[in-house]
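*Asks:* Encoded as structure tokens, here's the structure I'll be asking about.
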Ligand SMILES: Cc1ncc(C[n+]2csc(CCOP(=O)(O)OP(=O)(O)O)c2C)c(N)n1
Ligand SMILES: [Mg+2]
């Protein structure tokens with residue numbers, strides 16, 4: 001953390017350790033995906049979440065049974081946070097029969113409705129409409145949960161997003177919109193695509209309250225999400241949180257990265273990294289020992305290695321499955 005214990009209200013050392021574990025799991029998972037992609041074990045579209053881990057870790061702490069989550073194509077972390085077994089995610093990425101979508105969806109089409117995870121969507125902004133529909137269904141069926149709907153700074157310029165904000169506020173739908181502002185939409189910087197770059201204000205015309213959050217500080221994410229969800233669960237209608245973050249890797253696996261400098265990326269990694277910041281805070285506050293940190297690292301690495309081993313040795317889908325699960 002940048003601060004010395006300031007602003008940590010409601011974020012106990014235990015919660016901090018849990019968040020640390022989640023962030024590390026996601027980071028090591030994504031590093032393994034990159035490695036497997038390089039080996040040709042994974043193919044097709046694939047978007048990594050490295051750098052943005054504090055968002056999912058801070059939000060997941062507030063995700064309960066009966067809640068639902070939906071996001072775009074940068075979705076591995078969100079699936080893991082909903083409780084999906086890393087083995088099933090890696091098997092899906094590797095196109096294997098035991099993958100989450102029977103090995104036929106790939107990276108952008110993870111789906112686990114039994115855990116409240118509704119994807120995994122490749123159409124930029126579509127998850128906002130789908131997520132708003134999920135929230136409408138939840139309210140209509142008098143269920144208690146909330147929907148957490150993630151989308152990017154680029155997606156935030158889609159017209160359908162504003163139709164959704166209007167309906168969500170009009171009907172006081174139980175939905176939290178989280179804008180993951182990682183400063184780029186593919187190769188386009190926010191400044192070149194958005195007339196107003198303060199995304200927390202995007203709901204102003206519809207009276208949807210919004211807040212801007214340091215998305216590299218998991219404690220800040222945790223606190224802001226807790227407050228927003230408390231208001232939504234109390235029947236207060238939708239909320240928007242803009243999480244200011246950064247992705248370290250390319251947009252997808254094929255990205256020449258001509259639109260930003262290596263120095264810019266390096267600077268973020270060195271000064272803002274969410275995992276390093278939390279580790280420093282835990283150590284400096286005496287909340288964790290070096291050996292405890294090592295044990296977490298070892299446990300996470302073992303789990304990911306085992307998942308990769310599992311995925312690589314599963315069979316591919318049967319040829320007879322080619323035309324099943326096709327909606328046409
Ligand atoms: C409707 C639609 N338009 C364009 C694309 C191509 N496309 C894929 S990702 C992307 C950028 C989205 O950026 P952002 O919303 O900031 O999300 P990020 O990738 O940064 O997480 C675009 C334009 C698409 N998939 N769908
Ligand atoms: Mg973006």
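Numbering (the numbering used here), first residue to last: 1 to 328.
Just so you know, even glycine gets a beta-carbon here, dropped at the ideal spot from N, CA and C.
So is the beta-carbon of residue 347 under 7 Å away from any non-hydrogen atom of ligand 1?
*Replies:* Given a span of 1 to 328 for the chain in the structure shown, any question on residue 347 remains unanswerable.
*Asks:* Could you compute how far the alpha carbon of residue 232 sits from the alpha carbon of residue 275?
*Replies:* Rounded to whole angstroms, residue 232 to residue 275 spans 29 Å at the Cα level.
*Asks:* Of the choices 314, 309, 318 and 278, whose alpha-carbon is the least far from that of residue 20?
*Replies:* The residue with the shortest Cα to Cα distance from residue 20 is 278.
*Asks:* Could you check if residue 122 belongs to the surroundings of ligand 1, using beta carbon to heavy atom distance under 7 Å?
*Replies:* Residue 122: yes, Cβ under 7 Å from ligand 1.
*Asks:* Under 7 Å from any heavy atom of ligand 2, does the C-beta of residue 153 make it?
*Replies:* Yes, since a heavy atom of ligand 2 falls inside the 7 Å radius drawn around the Cβ of residue 153.
*Asks:* On the three-state DSSP scale, how would you describe residue 12?
*Replies:* In this structure, residue 12 counts as coil in the three-state DSSP scheme.
*Asks:* Measuring CB atoms only, is the stretch 288-303 touching the stretch 315-322, in the sense that at least three cross pairs come out at less than 8 Å?
*Replies:* Cβ pair count under 8 Å is below three, so no.
*Asks:* Going by beta-carbon coordinates alone, are residue 338 and residue 59 separated by less than 8 Å?
*Replies:* Because the chain is modelled from 1 through 328, residue 338 falls outside the range shown and cannot be assessed.
*Asks:* Inspect the CB distances between the stretch 244-256 and the stretch 86-98 and report whether three or more fall short of 8 Å.
*Replies:* Counting Cβ pairs under 8 Å, fewer than three are found: no touch.
*Asks:* For residue 272, count neighbouring Cβ atoms within 10 angstroms of its own Cβ and tell me buried if that reaches 16, exposed if not.
*Replies:* Burial call: buried.
*Asks:* Using alpha carbons as the reference points, say which of 321, 44, 253 and 323 lies closest to residue 106.
*Replies:* Measuring from the Cα of residue 106, the nearest candidate turns out to be 44.
*Asks:* When burial is assigned at 16 or more other CB atoms within 10 Å of the CB, is residue 12 buried or exposed?
*Replies:* Classification for residue 12: exposed.
*Asks:* With a threshold of 8 Å between beta-carbons, can residue 326 be considered close to chain E, or not?
*Replies:* Checking the listed chains, one finds no chain E in this structure; it contains a single protein chain.
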